[in-house]
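What follows is a short report on a single structure.
Numbering (our numbering), first residue to last: 215 to 447.
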C-alpha cells in the first residue's frame with residue numbers, strides 16, 4: 215500500500231516536495247498549516263555589510279525592494295539559493311541548512327563587527343541575531359512576511375508520517391490536534407532543535423532529516439520505512 219505523507223510546510227515548497235514524494239512512490243497529502251502574507255516594512259536605512267535570508271519566502275518578499283545586492287549574501291539552503299540564482303545573485307550557502315549552519319558560516323568567513331541584516335518572517339526564531347550579537351556583530355532584522363495559521367482538514371488515522379519544516383509548524387500541528395493520536399505518527403523535522411521541541415510536545419517518533427531540502431526529507435522517510443520493515447519482517 216502506498217504510504218501517505220502529510221506535508222505541513224507552506225507553498226510553494228509544499229507542492230515541490232509533493233512532486234518529489236510522488237515520484238519516489240509515496241502518496242503526498244498537501245495541507246499547509248500556515249499561509250504566508252507580506253509585511254510592508256521599508257528596507258533598513260543602514261549600511262549593511264552582509265545579508266542573510268533565512269527562507270525562500272524572505273527572498274520572494276524582498277525581491278521588489280531596493281537593497282544593496284553588491285554586498286555578500288547568505289541563503290539558508292538550496293531552495294533559497296535557487297531563487298537568488300534566478301535573480302543573478304550568487305549567495306553563499308552553509309553546509310548545515312539551518313540557523314546553526316548560517317552562524318558557523320559567518321563565524322568562519324566574516325570578521326566580528328560587521329553589520330548583518332537578517333531578512334526573515336515575523337515571530338520566527340531570533341537565535342541567530344542573539345548569537346551573532348553576543349559575538350560582536352551588529353545585527354538588524356528586516357521582517358518581510360508573516361505566517362497565518364490555516365485550519366487543516368486531515369485524517370490522521372490514515373497517515374504514515376508527517377513532515378514539519380519548522381518549530382512553528384510543530385507547535386501548530388500539536389495545537390490543532392490537541393487530543394489526537396497524531397503524536398504517535400512519525401514526524402520528520404529538519405534539525406535537532408526542532409526534534410527537541412517535538413519530543414517536548416509528546417511526539418513519540420521523531421526523525422531528524424539532514425536539513426530541510428526535498429532530498430533530505432525523502433532520504434529520511436526511506437530510512438524510516440526501511441527500519442520499520444526490518445522490525446516487522
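Where is the CB? At the ideal position from N, CA and C, for every residue including glycine.
What distance in whole Å lies between the Cβ atoms of residue j and residue i, which are believed to be in contact at a cut-off of 8 Å?
i           : j           : result
residue 290 : residue 368 : Going by Cβ atoms, the distance from residue 290 to residue 368 rounds to 27 Å, so no, they are not a contact pair.
residue 311 : residue 425 : 4 Å
residue 332 : residue 268 : 7 Å
residue 327 : residue 359 : Between residue 359 and residue 327 the Cβ distance is about 29 Å, and since that is not below 8 Å, they are no contact.
residue 381 : residue 357 : Residue 381 to residue 357, Cβ: 17 Å. No contact.
residue 222 : residue 412 : Wrong, their Cβ atoms sit about 12 Å apart, outside the cutoff.
residue 319 : residue 375 : That pair is no contact at about 30 Å.
residue 297 : residue 273 : 4 Å
Spatial neighbours of residue i within its chain, please: C-beta separation below 6 Å, excluding the five flanking residues on both sides.
i           : result
residue 446 : Low per-residue confidence applies at residue 446: pLDDT is 44, beneath 50, and the placement is therefore not dependable, though the value from the model is reported in the following sentence. So the list is empty, once near-sequence residues are dropped.
residue 373 : 218, 220, 399
residue 241 : 216, 218
residue 235 : 219, 242
residue 419 : 400
residue 396 : 370
residue 258 : 331, 354, 356
residue 433 : none
residue 279 : 257
Residue i lies in the alpha helix (DSSP H); which residues open and close that run?
i           : result
residue 451 : Any question about residue 451 goes unanswered here, given that the chain covers just 215 to 447.
residue 448 : Absent from the model: residue 448. The displayed extent of the chain is 215 to 447, so no value can be given.
residue 319 : 313-323
residue 326 : First-last for residue 326: undefined, no H or E at that position.
residue 226 : Segment: none, residue 226 is in no alpha helix (DSSP H) and carries neither H nor E.
residue 272 : 270-276
residue 412 : 406-414
Could you please give me the residues that DSSP links to residue i through a beta bridge?
i           : result
residue 241 : 218
residue 335 : 359
residue 265 : 287, 331
residue 352 : 329
residue 306 : 288
Could you pull out every residue in the same chain whose Cβ sits closer than 7 Å to the Cβ of residue i, ignoring the five residues on either side in sequence?
i           : result
residue 324 : 264
residue 316 : 266, 288, 290, 308, 342
residue 431 : 231, 377, 402, 423
residue 285 : 262, 263, 264, 265
residue 429 : none
residue 416 : 397
Which stretch, first to last residue, makes up the beta strand (DSSP E) that contains residue i?
i           : result
residue 248 : 248-252
residue 421 : 420-422
Starting from the C-beta of residue i, find all residues in its chain whose C-beta is less than 8 Å away, skip the five residues before and the five after it, and write them out in chain order.
i           : result
residue 224 : 246, 248, 249, 250, 271, 361, 379
residue 255 : 356, 357, 358
residue 386 : 222, 247, 248, 363
residue 444 : Because residue 444 carries a pLDDT of 49, less than 50, the predicted location of this residue cannot be relied on, and no value is offered for it.
residue 427 : 291, 292, 293, 311
residue 340 : 355
Is the Cβ of residue i closer than 8 Å to any Cβ of chain C?
i           : result
residue 391 : No chain C is present in this structure, which holds just one protein chain.
To test your reading of the DSSP string, which unbroken alpha helix (DSSP H) runs of 4 or more residues are found completely within the stretch 365-390? Uninterrupted alpha helix (DSSP H) stretches at least 4 residues long and entirely within the stretch 365-390 occur at 381-390, given in chain order.
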